[in-house]
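Here the structure is laid out as structure tokens; the discussion comes afterwards.
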Amino acid sequence: MTSADGYVLIALCLIPLGTSLALFLVPTTQRSAVQALTGIASLVMLAFSLYVFFKYQFNGEQFQGVLAWTWMQHVGLLGEKGIQFKVGVDGIGASLVLLTGIVIVPATWVTWKIQDRMKEYFILLYLVTAGVYGAFVILDLFFWFLFYEMALMPMYLLIGVWGSTRKEYGAMKLMMMLLAGSIFIFTVIFALFAHVGLGTFDMVALMGAEKDVTFQRIFFPLIVVGCGTLGAMFPFHSWSPDGHAAAPTSVSMLHAGVLMKVGAFGVIRLGYQMMPEGGAYWSPALIVLGITAGLYGAISALRQTDMKLLMGFSSVSHMGYVFLGLGTFNAIGWSGAVLQMTAHGLMTALFFLLIGGMYDQSHNRDIPNFSGMAKQMPVWSIFFIFAAMASLGLPGLSGFIAELHIFIGTFRAYPIIGGLAVLTAAITTTYLIRVLAQAFFGEMNPRWAHLNEITWTERAGAAFLAIAILVLGLWPTPWIERIAPSIINIPGITL
Amino acid sequence: MSDILGNPLNLNLGLLLPELILAGVAVLVVFIDMFQAELKASARVVPVVTVLGLLAAGVASVGAIDRVDDFARLVTIDNFTTFFRFLFIAVAVFVIVGSHEYIERYVNHVGEFYALLLLSTAGAMFMASARDLLVAYLAIEVLSFSLYIAVSLGKNDPRSGEAGLKYVLLGGVASAMLLYGLSLLYGVAGSTQYSEIATALAQHHEGLRMPLVLGLALIVGGLAFKVSAVPFHMWAPDAYEGAPMPVTAYLSATSKAATLALFLRWFGGPLLPAIGEWQWMMAAIATLTMVFGNLVALQQHNIKRLLAYSSIAQGGFMLMAIATISDVATSALLVHLGGYVITNLALFTAVIHFYNRTGKEEITDFRGLSRTNPYLALVITAGLFSLAGMPLLAGFFTKFILFQAVVSGGLLWLVIVAVVGSTVSLFYYLQVIRQMYIYEPEGDTTKWSISPTGYLTTFVLFALMVIVGIYGTPLYVVADRAAFALFKG
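Going line by line, the protein sequences match chains A and B. Numbering follows my numbering, in which position 261 of the first sequence is assigned residue number 1653; successive positions increment by one, without gaps. Numbering follows my numbering, in which position 29 of the second sequence is assigned residue number 43; successive positions increment by one, without gaps.
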């Protein structure tokens, strides 16, 4: 990517933001105009995301497409660089930009069904999208934090207004926990600025600057807690099942699919890339938290009856793998962790899309109430089974390739923990197979005879995500090529 | 001319033109109101004249930009003064334009009310510009006395009189405290001039430490009352609730900003050499204020009381900057003050228009506002989010700058308290947002709109909130120049 491609990165932040603003001007009654506008915007975002991903030169500079505008300089403590609007991606960011592009398209499609205040819903949803893109591509701490918070802010209303079951509780819990997490991030940003003393919030400059080892060891865990909360890291995950259970379909898709990855990405960007020595010191703690989350999430999922709660705990477990991979602090474990972000994002978005498509008709998500759904809704069931297979790590699908890397990395670093990780995968299989057996096979429950197959937009969205899962599973090379150089650049990582 | 010590005095009254205009217009307004029937003037003349007077004062202040001068060694004219002159004029204009309908309907003695607003604005300006303890004290009293009366001018509302009485009694105690502190300071320093106090305090006399600390404690206490910092905040919730709403808005903006200007002038100037004696007091008061303000706000049911406690807590954020005072902290504080004033005015103007329509002020009365008046709901939501420091709005940027300055000043722990407090505050702000968006309206569900001036003020303030949130650079640059005047000018 040349620096001119930086404009594409900026466009990725501004298109959702601009769409949000443009929607203010569309009359509420013009549903088709809202649909057309958001449909086009989402496709443009996908196209630009693909462009960024494939234009990223894996044998070039680490940060590509770098463009910066001075926002303020020479006031207060700010020096020459001060605060800049600076964009640029590394390989990790590029792969997550692509994930966002893939998830936002079906998330937009399924939202077209909403009857109540669809326009307002999109305004908020696209604010979240802008925030997510910003968090992946911005290289200045001020703006990074701005976009990070922007991704969280609309969540309260999105869940509180359009959600289901215990929506107010879920929305408030999610909002307060995530905002409590950003206390830690806020603190680290200021401490870093004051400690480095360059008078700039430029991330690249801060990464290159000298930092005390003690400083790094003190502040690295704060980033893990702060960003880890958004990444649903054990023990700061408890907002995730409640929040996801309450959220409307596309919010669950975007949140579990992409927003949680912003948390893990924050641990990489603000934690490991900014304070590598602190990261090396605390990696064993990440291993412990990661494996605990993996086991805890999987075991909790065994007991869930609400499909969305099940997916919430499953997400905690899968995000546990991500932190486990990061904690290995070796290149293969890290590749796995970054791949797992994409893999889990695609798979969980598909799950939430399908659950939403069914819930809209049945207003029920209790697994024991269902049986023999494969007869009533075959297409839906096929997609669901496909997602489950991806989730439990069937070779050829995305989850396998990611988990394989993580397991190898873990076995290299801590063989016993590696064993536990494989056990987690086994439990995952158990709870997924249990759902399939209970809800999809066996006698058809006549109570659900009125259910129709999911709509064509939902089928299209599901198919789209399924193809992405398949591509990543069969041909992960483009991802690995881009991720690997950025990982190797982290000081102190074992190869 | 020169004073009895032989110092030359500059008696150029042109330096005080904005204040003189305000005082003159205040008298004029009272006369117009008194002879309204004879002059066959419509009721709208009084607010129009008031606003014109304020704008004239604003124009008169333009000439003082980048000028450094003093009037009779009593009043400083520099960029710091000019910054606050513009701020106070803007607040008064927005309050009047935004709520003149409310004032017509719910306030007694309209002419006197506007005159008091003008006088208190002039007092606030002198608080920012004084360079002598006596002038500063008189300015505080001009501001306070105008507000004591304005608070009690509510029509047919017994709470208003009660609020006025509480405010005047407690305010009297605070003034006495402050005055005693100032006289002790005079005893230690031997002068009422800021510059000479600084020189005197810089020469450290161990024997004078006791009266100095006592004097400082009394001064901090007296000013903490004016800025409604814990534990001197008792009057604020009652006064905010009982006062006519425009006065509440004014109290939370001008009164608070003027006191902070005085804090900056005193603690960044004459009292700076004694920083070792008062820094801990500021840090302690800031901590108490943030913790207490935010926790008590959690339990409020009345929107005015909620905003009162929220503005108490916001005062705590600002006192952090005083505790780490420097040019950097000052410019950051001025930025935050600017953002806070814009946000609070937007919020209060919106609530005033809500009250004009419904006559209600409980938080639960906002139920379903997003259905009946989506615009107003949006402005209130933006205001609350901005106070909580959410991005794209003024609060995010100004808090970022303020917290960063305080951390660089060496008080990381204080910022952690502030950020935690800020997160707690989001909880109670969300309670209001929840009523507006999640619940359906009860009773009257027809859509309604607000007056044109209401749209104008709320829209301008809303736009300013967003502009400062996205591109706050101009505000920061201006604030930096004001801070420069205070520290290096």
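Glycine is no exception: its CB is placed at the ideal position from the N, C-alpha and C atoms.
{"Item": "Helix, strand or coil, according to DSSP, for A:K1478 in the structure here?", "Value": "strand"}
{"Item": "Between the alpha carbons of B:I18 and B:K270, how many angstroms are there, rounded?", "Value": "36 Å"}
{"Item": "State the Cα-Cα distance for the pair B:G330 and B:A153, rounded to the nearest angstrom.", "Value": "23 Å"}
{"Item": "Strictly by DSSP, which residues pair up with A:L1459?", "Value": "A:V1479"}
{"Item": "Smallest Cα separation from A:L1519: which of A:T1697, A:Q1608, A:T1641, A:A1414?", "Value": "A:A1414"}
{"Item": "Which of the three DSSP states, helix, strand or coil, is assigned to A:A1841?", "Value": "coil"}
{"Item": "Using 10 angstroms around the beta-carbon of A:I1808, count the other beta-carbons present and answer buried if the total reaches 16, otherwise exposed.", "Value": "exposed"}
{"Item": "Closest by CA to A:F1528, which one among A:S1707, A:V1650, A:W1848, A:T1821?", "Value": "A:V1650"}
{"Item": "Name the residue from A:G1523, A:L1469, A:A1805, A:G1552 whose alpha carbon lies nearest to the alpha carbon of A:F1585.", "Value": "A:L1469"}
{"Item": "Run through chain B and tell me which residues come within less than 7 Å of A:A1572, C-beta to C-beta.", "Value": "T437"}
{"Item": "Are the Cβ atoms of B:F498 and B:D341 separated by less than 9 Å?", "Value": "yes"}
{"Item": "Would the beta-carbon of A:T1641 fall within 9 Å of that of A:A1572?", "Value": "no"}
{"Item": "Between A:L1687 and B:Q314, what straight-line distance do the alpha-carbon atoms span, to the nearest angstrom?", "Value": "43 Å"}
{"Item": "Cα separation between B:L398 and B:F49?", "Value": "42 Å"}
{"Item": "For the candidate residues B:L309, B:M450, B:T471, B:V474, whose alpha-carbon lies nearest to that of B:A432?", "Value": "B:L309"}
{"Item": "Should the stretch 67-81 of chain B be called in touch with the stretch 31-40 of chain B, which here means at least 3 C-beta pairs below 8 Å?", "Value": "yes"}
{"Item": "Go through the stretch 51-106 of chain B residue by residue and report every complete run of the beta strand (DSSP E) that reaches 3 residues or more, in order.", "Value": "83-85, 89-91"}
{"Item": "For a quick check, are the C-beta atoms of B:L36 and B:I46 less than 9 Å apart?", "Value": "no"}
{"Item": "Is B:I117 buried or exposed, if buried means 16 or more other CB atoms sit within 10 Å of its CB?", "Value": "buried"}
{"Item": "Are any of the Cβ atoms in chain B nearer than 9 Å to that of A:T1820?", "Value": "no"}
{"Item": "By the three-class DSSP mapping on this structure, what secondary structure does B:V121 have?", "Value": "strand"}
{"Item": "If you follow the alpha helix (DSSP H) that A:S1707 is in, where does it begin and where does it stop?", "Value": "1699-1720"}
{"Item": "Would you say A:W1631 reaches chain B, if we count a Cβ-Cβ gap shorter than 9 Å as a contact?", "Value": "no"}
{"Item": "What does a CB cutoff of less than 6 Å around A:E1835 pick up in its chain, not counting 5 residues either side in sequence?", "Value": "S1763, G1764"}
{"Item": "Could you say which of A:N1837, A:S1675, A:A1852, A:F1582 lies nearest to A:F1537 if we only look at CA atoms?", "Value": "A:F1582"}
{"Item": "Do B:T363 and B:F108 count as a contact pair if the criterion is CB distance below 9 Å?", "Value": "yes"}
{"Item": "Ordered along the chain, which non-local residues of its own chain (more than five positions away) have a Cβ less than 7 Å from that of B:V393?", "Value": "A360, A364, T472, F476"}
{"Item": "I need the DSSP call for A:T1592, collapsed to helix, strand or coil.", "Value": "strand"}
{"Item": "Look at the alpha carbon of B:A257 and the alpha carbon of A:L1438, and state the distance between them as a whole number of angstroms.", "Value": "55 Å"}
{"Item": "Please list, in chain order, the chain A residues whose beta carbon lies closer than 8 Å to that of B:D494.", "Value": "V1467, G1468"}
{"Item": "Kindly indicate if chain A contains any beta-carbon less than 9 Å away from that of B:A337.", "Value": "no"}
{"Item": "Return no unless some Cβ of chain A is closer than 9 Å to the Cβ of B:T467.", "Value": "no"}
{"Item": "Where B:P455 and B:K318 are concerned, what is the direct C-alpha to C-alpha distance, given to the nearest angstrom?", "Value": "21 Å"}
{"Item": "Across the stretch 1558-1571 of chain A and the stretch 1503-1513 of chain A, are there enough close Cβ pairs to call them in contact, namely three or more that are closer than 8 Å?", "Value": "no"}
{"Item": "Examine chain B for any beta-carbon lying closer than 9 Å to the beta-carbon of A:G1858, and answer yes or no.", "Value": "For the sequence presented, residue 1858 of chain A should be read as Ala rather than Gly. Taking Cβ atoms only, chain B never reaches closer than 9 Å to A:A1858, which makes this a no."}
{"Item": "How big is the Cα-Cα spacing for B:Y128 and B:P172?", "Value": "21 Å"}
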